[in-house]
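All remarks here apply to the structure that follows.
Numbering (my numbering), first residue to last: 183 to 422.
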């Protein structure tokens, strides 16, 4: 934790009467010496919010705030509900823990000041290599929460269903990383089995992606979308 932040964040926690979950800003500290401030798209909370409002903020920001260093959890909630990370899951296990925790917590807050210097070394990391196993873990976790929310039927649950459908689609983009034909076949079968999730995505990017996947298939489509994204990034840099 950033030394100067300790006293401040403890004061914040006390002021808000010890919320069950606090999502924070942080620093990314890269191996080349660069430091990046990762702020939240929300102001620091002046009062606690409920689960519905917390989900609303997640949905509107499309943020993936489940990285362990992004949150301050209350140990009593973890112990009371015997919450644990899934064994044998190498990617998105933090998402599963985060979502399980939220469903058992009652009070939430945002703290838009960095509390952690997170040192990043990409060499050999799961998210850098992104193996077939890691991709399937992500697809399974996002499928699980898409189904959980869409089965509830209320408006916010429907929106969170879209949230996880989009995350599912974001994972399909990573198929270009696969080299083993058996891995490609297995994951494409899995995606095809759950393609209804892709139909629930929302946003221009996902509309284009669905068309490309329908024409070229998931694997070739992911390669084309990767090239398309690079071209768009170059255009943006030139314009700016």
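Cβ coordinates follow ideal geometry from the N, Cα and C atoms, glycine included.
Asked, Found
"Is residue 273 a contact residue of the ligand HEM, with contact defined as CB to any heavy atom under 6 Å?", "No copy of the ligand HEM occurs in the structure displayed, which carries no ligand at all."
"Given this structure, state the Cα-to-Cα distance separating residue 331 from residue 380, to the nearest angstrom.", "15 Å"
"Below 8 Å CB to CB, which residues in the same chain sit around residue 344 once its five sequence neighbours on both sides are set aside?", "241, 382, 383, 384"
"Using the DSSP secondary-structure output, state which residues sit across from residue 302 in a beta bridge.", "212"
"When you compare each of 360, 298, 277, 300 to residue 320 by their alpha carbons, which one comes out closest?", "277"
"Consult DSSP for residue 207 and reduce its assignment to one of helix, strand or coil.", "strand"
"If the criterion is Cβ atoms closer than 7 Å, does the pair residue 430 and residue 206 meet it?", "No information on residue 430 is available, as it lies outside the stretch 183 to 422 that the chain covers here."
"Just confirm the distance between the C-beta atoms of residue 188 and residue 195, as a whole number of angstroms; I'd bet it's less than 8 Å.", "Not really, about 11 Å apart at Cβ, beyond 8 Å."
"Between which residues of its own chain and residue 268 is the CB-CB distance below 6 Å, once the five residues before and five after are set aside?", "275, 278"
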